[in-house]
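So the sequence lines, in the order shown, correspond to chains Z and X.
Going by numbering that gives the first Met the number 0, the first sequence opens with residue 0, and the numbers climb by one from there.
Going by numbering that gives the first Met the number 0, the second sequence opens with residue 0, and the numbers climb by one from there.
We put the beta carbon where it would ideally sit given N, CA and C, even for glycine.
These notes are about the structure you will find just below.
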Amino acid sequence: MQAMNPSVLVVDRVTKRFAGHLAVDALSLEVPRGVIYGLLGPNGAGKTTTIRMMLDIYEPDEGVVRVFGTEGGGREHSARIGYLPEERGLYPKMRVLDVLVFLAEAKGVARRTARQKALDWLERLGLADWRLRKVNELSKGMQQKVQFISALLHDPELAVLDEPFSGLDPVNAQVMKDAVLELKQRGATILFSTHIMEQAERLCDHVCIIAKGTKRLDDTLGRVKETYGGRHVTVAFDGARGGAEGVFADRRLVAKTDDFGHYAELELASGADAQNLLRALVASEARLARFELTAPSLHKIFIDLVGAEAARADVVPEGHAAHA
Amino acid sequence: MRKVLAIVRREFVERVRTKWFWVSALLGPVFFGALIFFPLLFAGGGSSKRIVLVDDTQSSFGARVADSLDSSGVFKVLRRVTPRPGLLDSLALEVRGRRLDGFLIVTDATVDSGVAEYRSSNVSSLRDIGTLKDVVGRIAVNIRLERAGVSPEVVHQAQLPLALETRKISGSTTTGESSGQSFTLAYAMAILLFMAIAVYGVNVMSSVLEEKTNRVVEVLISSLRPFQLMVGKVLGVGAVSLFQFAIWAVSAVLILRHRTPAGGGMPAADADRTPFELPHVSFGTVAIFGTYFVGGFLLYSAMFAAVGAMSSSEQEARQAQQPVIFVLMIAYVSIWALSGNPDSAYAMTISFVPFTAPIAMPVRWAASIVPGVQLFGSLALLVVGIVAVSWVASRIYRVGILVTGRRPSLKDLLRWVREA
Numbered sequence: 000m001q002a003m004n005p006s007v008l009v010v011d012r013v014t015k016r017f018a019g020h021l022a023v024d025a026l027s028l029e030v031p032r033g034v035i036y037g038l039l040g041p042n043g044a045g046k047t048t049t050i051r052m053m054l055d056i057y058e059p060d061e062g063v064v065r066v067f068g069t070e071g072g073g074r075e076h077s078a079r080i081g082y083l084p085e086e087r088g089l090y091p092k093m094r095v096l097d098v099l100v101f102l103a104e105a106k107g108v109a110r111r112t113a114r115q116k117a118l119d120w121l122e123r124l125g126l127a128d129w130r131l132r133k134v135n136e137l138s139k140g141m142q143q144k145v146q147f148i149s150a151l152l153h154d155p156e157l158a159v160l161d162e163p164f165s166g167l168d169p170v171n172a173q174v175m176k177d178a179v180l181e182l183k184q185r186g187a188t189i190l191f192s193t194h195i196m197e198q199a200e201r202l203c204d205h206v207c208i209i210a211k212g213t214k215r216l217d218d219t220l221g222r223v224k225e226t227y228g229g230r231h232v233t234v235a236f237d238g239a240r241g242g243a244e245g246v247f248a249d250r251r252l253v254a255k256t257d258d259f260g261h262y263a264e265l266e267l268a269s270g271a272d273a274q275n276l277l278r279a280l281v282a283s284e285a286r287l288a289r290f291e292l293t294a295p296s297l298h299k300i301f302i303d304l305v306g307a308e309a310a311r312a313d314v315v316p317e318g319h320a321a322h323a
Numbered sequence: 000m001r002k003v004l005a006i007v008r009r010e011f012v013e014r015v016r017t018k019w020f021w022v023s024a025l026l027g028p029v030f031f032g033a034l035i036f037f038p039l040l041f042a043g044g045g046s047s048k049r050i051v052l053v054d055d056t057q058s059s060f061g062a063r064v065a066d067s068l069d070s071s072g073v074f075k076v077l078r079r080v081t082p083r084p085g086l087l088d089s090l091a092l093e094v095r096g097r098r099l100d101g102f103l104i105v106t107d108a109t110v111d112s113g114v115a116e117y118r119s120s121n122v123s124s125l126r127d128i129g130t131l132k133d134v135v136g137r138i139a140v141n142i143r144l145e146r147a148g149v150s151p152e153v154v155h156q157a158q159l160p161l162a163l164e165t166r167k168i169s170g171s172t173t174t175g176e177s178s179g180q181s182f183t184l185a186y187a188m189a190i191l192l193f194m195a196i197a198v199y200g201v202n203v204m205s206s207v208l209e210e211k212t213n214r215v216v217e218v219l220i221s222s223l224r225p226f227q228l229m230v231g232k233v234l235g236v237g238a239v240s241l242f243q244f245a246i247w248a249v250s251a252v253l254i255l256r257h258r259t260p261a262g263g264g265m266p267a268a269d270a271d272r273t274p275f276e277l278p279h280v281s282f283g284t285v286a287i288f289g290t291y292f293v294g295g296f297l298l299y300s301a302m303f304a305a306v307g308a309m310s311s312s313e314q315e316a317r318q319a320q321q322p323v324i325f326v327l328m329i330a331y332v333s334i335w336a337l338s339g340n341p342d343s344a345y346a347m348t349i350s351f352v353p354f355t356a357p358i359a360m361p362v363r364w365a366a367s368i369v370p371g372v373q374l375f376g377s378l379a380l381l382v383v384g385i386v387a388v389s390w391v392a393s394r395i396y397r398v399g400i401l402v403t404g405r406r407p408s409l410k411d412l413l414r415w416v417r418e419a
């Protein structure tokens, strides 16, 4: 199966402009079947625009999108795709169950199936008693649950989740994460976008980092870590930091420092030996709780790749670019 | 197709579930009922007016007027009095105290000059004044003829009452629709069409706007094409409006069927004197009305859908809908000119232009004879108009529905239509 058609979703040299502003620039990527694929990038990188082109919400100016092997966006396959948009919304005056059934029907799911699955999901997420209430009678957290039921209700083969964790309270974030992992176990493919690297690092099999509409990195998480790993040390302090500052500043040992106070991520200077660094730290009378040769966090890789750009304020917030 | 059906169903079910729908469904017939009963109760079937006849004549004129008024059923002459000082003031006092509705003053001069005087708290009732003129005038003529030596029998025979029956000729058939009824019907149809197109068109607009502002539209557009979504919406709201009409029609028929018993024992003989005549509505008229309503609704709701899509808030939409409402108003305010002169060049023109035809053509149809060629021509143009407007509207809709922020200029809209 995988050998036959390994990629569920292919984006091939796709470009999208909004009135002179280049949102996505000849971007190509492939999402293999059965993985959790992270589309990462700072705000305004073109994540949402790319996702919208995958789903036929926007038409690309150039290039093609292929979903499940056929050319064109996901609309024709809407019954096999779950989509959670970045900007959430439901009909506030509709009953919870009716909204879920309607959104599934609009995707092409049979009414009876949609109803049964909606009831199962509401039961599972503890909302069964609310099924006949109007959406606007629900708390914000409950509405979030209803929203992601609406995206995942029909057991999609491909789930496209745009910033799925943004705005979720920790409990719902956990529910969401469990739902995503369960979906994956059933063989579904999940593409999600985020600008929060910790989430991506915990969930993704494959990451693609984009910035300013172009691709900066596209590989499995394992290979990314390998490529960028080996030269990194995490140091954690047990109280006193002693003269650690001085050691970190020594460019013969340390090339870069990302200091969090209680701990720091260091990149070794070229040719430097980690053992020398350890010796220097001990000599500086810093009390160490941890000294570990690590792969860098995705966060660090991300900052190294796009940090400088992201810090500049010339990014256009997505979703507002369309009218420009 | 199933997807479009889901949209249609949601629009229909969610709307029919609202209180607003049932309030207007129930108030509609109440409104119809009021339209029919109030004129009957207050003008037609009301009790006769109590008046006093101030008789300043030396002949039998006063007595004959009093008898004749009494037997008209419209007036009840409480007493006939001869004038004395202060009489008129005291009668006026009685009128003010509502013990009396009015008083009629006749003199010997009335017979020769034809001048009499009626003082009342209400002198605007066409029925009252008509009856008075009729009775006083007829008896004055009688007396003059008798004075000239014509025998009373001849006078009586000469007074053949004239009843002018009017029948509207529609194509080759003569219908039961009378001239007064034609106008009533045309007027009622115009109001109903205008209201229905405006109200349900705006419903389409707010439905589009709702999906846009609460962002549901993004999920929907990933599932169906914008055109499918728009079509589903228009059909769903249209179905609601037809359902509403059906409720009204059924209750109107029920009310009309039970009209006489509910009228409060109104004498059957009075029926032909009621100022409000119920129009006889032929099947053809209903079909024309229905066809043009559906056509007008499709045309305007496509425009309203585009207006909803290009707006980002209720306020913006209210402004953007003005041109659409304005076009609809042109047809509506034309109904006076139309029903008065349904065959003028102006009337012909606006019954062909797709934007005004949905109101103008049914009005012309009800008020006059419309050649079949014109009817089909108008319908054909309307269909062309619907297709063209939907095409433009769906392009504006397709782009606009995903755009938030700054309100689009006319230039933006043209670009959307070109590029979509």
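key: Contact belief for G237(X) with S300(X) at Cβ below 8 angstroms, rounded distance in angstroms   = Locating residue 237(X) in the second sequence gives position 238, counting from the first residue. Locating residue 300(X) in the second sequence gives position 301, counting from the first residue. Their Cβ separation, rounded to whole angstroms, is 7 angstroms, which keeps G237(X) and S300(X) in contact under 8 angstroms.
task = Kindly indicate if chain Z contains any beta-carbon less than 7 angstroms away from that of A187(X).
result = For the purposes of this step, residue 187(X) is identified with residue 188 of the second sequence, where counting begins at 1. The beta carbon of A187(X) sits no closer than 7 angstroms to any beta carbon of chain Z.
ask   = By how many angstroms is the C-alpha of S310(X) removed from the C-alpha of A316(X)?
value = Here residue 316(X) corresponds to residue number 317 of the second sequence, with the count starting at 1. Here residue 310(X) corresponds to residue number 311 of the second sequence, with the count starting at 1. A316(X) and S310(X) have their C-alpha atoms some 5 angstroms from each other.
request  = Rank K46(Z), T233(Z) and T112(Z) by C-alpha distance to the C-alpha of F247(Z) and give the top, closest one.
outcome  = Here residue 247(Z) is taken as the residue at index 248 of the first sequence, counted from 1. Nearest C-alpha to F247(Z): T233(Z).
inquiry  = Tell me the rounded alpha-carbon separation between C203(Z) and Y36(Z).
reply    = Taking the first residue of the first sequence as position 1, residue 203(Z) is located at position 204. Taking the first residue of the first sequence as position 1, residue 36(Z) is located at position 37. Computed Cα separation, rounded: 6 angstroms.
inquiry  = With distance defined between alpha-carbon atoms, name the residue in L144(X), I385(X) and M360(X) nearest to Q373(X).
reply    = Residue mapping note: residue 373(X) aligns to position 374 of the second sequence, counting from 1. Nearest option by C-alpha distance: M360(X).
Three-state secondary structure assigned by DSSP to Y117(X) = Within the second sequence, numbered from 1, the residue matching residue 117(X) stands at position 118. Strand at Y117(X).
query = Should P59(Z) be flagged as near chain X, meaning a C-beta pair shorter than 7 angstroms?
reply = Taking the first sequence and counting its residues from 1, the one referred to as residue 59(Z) is at position 60. No, no contact with chain X.
key: Bounding residues of the beta strand (DSSP E) (the contiguous stretch that carries K255(Z))   = As a position in the first sequence, residue 255(Z) is number 256, starting the count at 1. Per DSSP, K255(Z) belongs to the beta strand (DSSP E) from V253 to D258.
key: Min CB distance K214(Z) to chain X below 7 angstroms   = One-based indexing of the first sequence puts residue 214(Z) at position 215. No, its Cβ sits nowhere closer than 7 angstroms to a Cβ of chain X.
query = Going along chain X in order, which residues have a C-beta closer than 7 angstroms to the C-beta of Y262(Z)?
reply = Looking up residue 262(Z) in the first sequence gives position 263. Those do not exist, as Y262(Z) stays about 40 angstroms from chain X at its closest Cβ, beyond 7 angstroms.
message = Measuring straight from C-alpha to C-alpha, what distance separates G306(Z) and L39(Z)?
response = The count along the first sequence starts at 1 and reaches residue 306(Z) at position 307. The count along the first sequence starts at 1 and reaches residue 39(Z) at position 40. Going by the C-alpha atoms only, they are around 13 angstroms apart.
inquiry  = Just to make sure I have the definition right: I need the residues of chain Z whose C-beta is within less than 8 angstroms of the C-beta of A316(X). Which are they?
reply    = As a working note, residue 316(X) is residue 317 in the second sequence. The premise fails here: A316(X) is roughly 16 angstroms from chain Z at the closest Cβ pair, so nothing lies under 8 angstroms.
request  = Starting from E10(X), find everything on chain Z with Cβ-Cβ shorter than 8 angstroms and list it in chain order.
outcome  = The count along the second sequence starts at 1 and reaches residue 10(X) at position 11. Result: empty, since nearest Cβ-Cβ is about 10 angstroms, beyond 8 angstroms.
query = In whole angstroms, what is the alpha-carbon distance linking V100(Z) and V66(Z)?
reply = Position 101 of the first sequence holds residue 100(Z). Position 67 of the first sequence holds residue 66(Z). The alpha-carbon of V100(Z) is positioned some 25 angstroms away from that of V66(Z).
request  = Run the CB neighbour count on E210(X), radius 10 Å, all protein chains shown included, and call it buried at 16 or more, exposed below.
outcome  = Taking the second sequence and counting its residues from 1, one reaches residue 210(X) at position 211. Buried, because 16 or more other Cβ atoms sit within 10 Å of the Cβ of E210(X).
message = Counting C-beta neighbours from all protein chains within 10 Å, is the total for H205(Z) 16 or more, i.e. buried, or is it exposed?
response = As a first step, residue 205(Z) must be located in the first sequence, where it is residue number 206. H205(Z) comes out buried.
task = Kindly say whether E197(Z), judged by its beta-carbon, lies nearer than 7 angstroms to any beta-carbon of chain X.
result = As a position in the first sequence, residue 197(Z) is number 198, starting the count at 1. No, because no Cβ of chain X sits closer than 7 angstroms to the Cβ of E197(Z).
inquiry  = Which of the three DSSP states is assigned to Y262(Z) in this structure?
reply    = Locating residue 262(Z) in the first sequence gives position 263, counting from the first residue. Three-state result, Y262(Z): strand.
query = Given a threshold of 16 other Cβ atoms within 10 Å of its Cβ, counted over all protein chains shown, does M302(X) qualify as buried or as exposed?
reply = Counting from one through the second sequence, the residue named residue 302(X) turns up at place 303. Classification of M302(X): buried, given that the 10 Å Cβ count is 16 or more.
query = L89(Z) to Q184(Z), Cα distance in whole Å?
reply = Here the question's residue 89(Z) lines up with position 90 in the first sequence. Here the question's residue 184(Z) lines up with position 185 in the first sequence. Roughly 28 angstroms separates the two Cα atoms.
request  = State the DSSP-derived secondary structure class of H153(Z), mapped to helix, strand or coil.
outcome  = Looking up residue 153(Z) in the first sequence gives position 154. H153(Z): coil per DSSP, three-state reduction.
query = Which chain Z residues are close to A305(X), counting only those with a beta carbon under 7 angstroms from its beta carbon?
reply = Here residue 305(X) refers to the residue found at position 306 when the second sequence is read from its first residue. Taking the beta carbon of A305(X) as reference, no residue of chain Z falls within 7 angstroms; the closest one sits roughly 16 angstroms away.
ask   = Which residue spans inside the region 80–136 of chain Z form an unbroken beta strand (DSSP E) run of at least 3?
value = For secondary structure counted as the beta strand (DSSP E) over 3 or more consecutive residues, the region 80–136 of chain Z holds these complete runs in sequence order: 80–83.
C-alpha gap between D54(X) and V114(X), whole angstroms = For the purposes of this step, residue 54(X) is taken as residue 55 along the second sequence, with counting starting at 1. For the purposes of this step, residue 114(X) is taken as residue 115 along the second sequence, with counting starting at 1. Each residue's alpha carbon lies about 13 angstroms from the other.
key: Short CB-CB distance (under 7 angstroms) between S222(X) and chain Z   = Your numbering for residue 222(X) matches position 223 in the second sequence. True, the Cβ-Cβ gap to chain Z drops below 7 angstroms.
inquiry  = Quick check on R1(X): does DSSP put it in helix, strand or coil?
reply    = For this step, residue 1(X) is matched to residue 2 along the second sequence. Helix, per DSSP.
key: Where R74(Z) meets chain X, residues with beta-carbon distance less than 9 angstroms   = Working through the first sequence from its first residue, we reach residue 74(Z) at position 75. Simply I220, S221, S222, L223 and R224.
inquiry  = Between which residues of its own chain and E418(X) is the CB-CB distance below 6 angstroms, once the five residues before and five after are set aside?
reply    = Counting from 1 along the second sequence, the entry for residue 418(X) is found at position 419. Correct list: empty, nothing qualifies.
Proximal residues, the region 265–293 of chain Z versus chain X, C-beta separation under 9 angstroms = The residues in question: there are none.
Residues that K144(Z) contacts on chain X, provided the C-beta gap is smaller than 8 angstroms = In the first sequence, the residue the question calls residue 144(Z) occupies position 145. The contacting residues do not exist; K144(Z) stays about 16 angstroms from chain X at best.
message = Give me the residue from F325(X), G371(X) and V383(X) with the minimum Cα distance to L298(X).
response = Taking the second sequence and counting its residues from 1, one reaches residue 298(X) at position 299. Check the Cα spacing between L298(X) and each of F325(X), G371(X) and V383(X): the tightest is with V383(X).
Distance CB(P353(X))-CB(L378(X)) smaller than 7 angstroms = Residue 353(X) sits at position 354 when you count from the first residue of the second sequence. Residue 378(X) sits at position 379 when you count from the first residue of the second sequence. Contact check for P353(X) against L378(X) fails: the beta carbons are separated by 7 angstroms or more.
task = Decide yes or no for the touch test of the region 41–58 of chain Z against the region 68–80 of chain Z: beta carbon pairs closer than 8 angstroms, at least 3 of them.
result = With the cut-off at 8 angstroms, the region 41–58 of chain Z and the region 68–80 of chain Z touch.
request  = Determine, using beta carbons only, whether L277(Z) and F290(Z) come nearer to each other than 7 angstroms.
outcome  = Numbered from 1 along the first sequence, position 278 holds the residue referred to as residue 277(Z). Numbered from 1 along the first sequence, position 291 holds the residue referred to as residue 290(Z). Using a Cβ distance threshold of 7 angstroms, L277(Z) and F290(Z) count as a contacting pair.
Nearest neighbour of F200(X), chosen from F296(X), A308(X), V416(X) and E116(X) [CA to CA] = For the purposes of this step, residue 200(X) is identified with residue 201 of the second sequence, where counting begins at 1. The sequence given here places Gly at residue 200(X); Phe does not occur at that position. In terms of Cα proximity to G200(X), the closest of F296(X), A308(X), V416(X) and E116(X) is F296(X).
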